[in-house]
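Q: If you're matching positions, the sequence shown starts at 193 in our numbering and goes up one per residue. Ideal Cβ positions, reconstructed from N, Cα and C, are used throughout, including at glycine.
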Amino acid sequence: MKRFVLTRRRGGAGLLLLLLLTGAVAAQRPPVAVYEVYAIQFASAPYGVKNLVAGVTDSRSIDIAFTVWVARGGGKTVLVDAGFYRDKFIQQWKPRDFVKPSEAIERGLGIKADLVTDIIVSHSHWDHMDGVDLFPNARIHIQKDEYEYYIGPAGEVLHRGGVDPDDAKMMAALKDARVTLVNGDAQEILPGITVYTGGKHTFASQYAAINTRRGTVVIASDNAYLYENLEKHLAIAQTVDAESNLKAQTRMLQLAASPSLVVPGHDPAVFERFPSPGKGVARIDR
Ligand SMILES: [Zn+2]
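#1: Secondary structure at residue 281, three-state DSSP: helix, strand or coil?
#2: Report yes if the C-beta distance between residue 232 and residue 297 is below 8 Å; otherwise report no.
#3: For residue 239, write down the residues that DSSP places opposite it in a beta bridge.
#4: Residue 249: buried (16+ other C-beta within 10 angstroms of its C-beta) or exposed?
#5: Which residue from 438, 335, 343, 360 puts its Cα closest to that of residue 380?
#6: Report the three-state DSSP secondary structure of residue 420 (helix, strand or coil).
#7: Output yes or no for whether 8 Å exceeds the beta carbon distance between residue 323 and residue 275.
#8: Take residue 196 and list the residues in its own chain whose beta-carbon comes closer than 6 Å to its own, dropping the five residues that flank it on each side.
#9: Mind the definition here: the region 426-434 touches the region 380-393 only if three or more C-beta pairs lie below 8 Å; say whether that holds.
#10: Inspect the CB distances between the region 229-248 and the region 288-307 and report whether three or more fall short of 8 Å.
#11: For the region 280-297 against the region 333-352, are there 3 or more C-beta pairs whose distance is under 8 Å?
#12: Taking the straight line between their C-alpha atoms, what separation do you get for residue 441 and residue 360?
#13: Measuring straight from C-alpha to C-alpha, what distance separates residue 328 and residue 451?
As structure tokens, this is what we get:
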């Protein structure tokens, strides 16, 4: 009996100690990074829906949005994709209402280009990666498999259709100083930001899940072009593997705190569903 009492007393003290220690550990742990997330439109252009959504045969055309996404929090200013600005793309695509992505984020959010700390490149297409060198201090996060499939050691194009030659050279020039090659799926590359592969828009395209006050927001980029892909469960029309793309879309919808928090890559409706603050800026975690 005496022994039992002693044990209980020790147990009580142990519990108290445990609580104190747990409290101390919790106090030392860095706070979970919570980001504000914005979509910033910097151009638009008419485009056939059948080129965006697999299985569509009608002749609908929409003014697709060219967008960069900003995640601000935890002492970081992170871009998901960097848009485009080289003159040859402007001449070829004749986008409407074009402003350089760097100017769009300064106009929309007051963020100067040199204050961007990180850029997550979802994939190496020109309309997402060309603008990387507008942001002189940013660390660039791209999937290792994506980079190495498309871009050779001297900046040469290894597989056509994935990267513009000028963008390949630009990335190769930045590689040693500023590029982080991400090793595959489900990598937390910054506190509160995890990237996932499998979308198969390109060889190793990635999408980003970002912790916000509303829970997880998923920036799909072109792994889902439009809400129509997500809502009708239709693969993107330009993919290297439609079945994988559909699986990835399902996963994005599961990862997000709600289906409405999966943000597609080119849908102008993003700026209607998230109408504030407006003028080409949509706050997603409002
Ligand atoms: Zn795109």
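A: Answer, in terms of the structure:
#1: Along the sequence shown, read from residue 1 onward, the residue named residue 281 stands at position 89. Three-state result, residue 281: helix.
#2: Looking up residue 232 in the sequence shown gives position 40. Looking up residue 297 in the sequence shown gives position 105. Pairing residue 232 with residue 297 gives a Cβ-Cβ distance under 8 Å.
#3: Mapped onto the sequence shown, residue 239 falls at position 47. Residue 239 is bridged to 254.
#4: Here residue 249 is taken as the residue at index 57 of the sequence shown, counted from 1. In summary, residue 249 is exposed, with fewer than 16 beta-carbon neighbours lying within 10 Å of its beta-carbon over all protein chains present.
#5: In the sequence shown, residue 380 corresponds to position 188, counting from 1. Of the residues 438, 335, 343, 360, the one whose Cα lies closest to the Cα of residue 380 is 335.
#6: The count along the sequence shown starts at 1 and reaches residue 420 at position 228. Three-state result, residue 420: helix.
#7: As a first step, residue 323 is located in the sequence shown; it is residue number 131 there, counting from the start. As a first step, residue 275 is located in the sequence shown; it is residue number 83 there, counting from the start. Inclusion of residue 323 and residue 275 in the CB contact set at 8 Å is warranted, their separation being smaller than that value.
#8: Against the sequence shown, residue 196 aligns to sequence position 4. Unreliable positioning characterises residue 196 in this predicted model, as indicated by a pLDDT of 45, which lies under 50. The coordinate reading is nonetheless provided below. Excluding residues within five positions, none has a Cβ falling inside 6 Å.
#9: As far as the Cβ criterion goes, the region 426-434 touches the region 380-393, which means the pair count is three or higher.
#10: Contact holds: three or more Cβ-Cβ distances are below 8 Å.
#11: With the cut-off at 8 Å, the region 280-297 and the region 333-352 do not touch.
#12: Numbered from 1 along the sequence shown, position 249 holds the residue referred to as residue 441. Numbered from 1 along the sequence shown, position 168 holds the residue referred to as residue 360. Residue 360 has its alpha-carbon roughly 28 Å from the corresponding atom of residue 441.
#13: As a first step, residue 328 is located in the sequence shown; it is residue number 136 there, counting from the start. As a first step, residue 451 is located in the sequence shown; it is residue number 259 there, counting from the start. Cα to Cα, residue 328 sits roughly 35 Å from residue 451.
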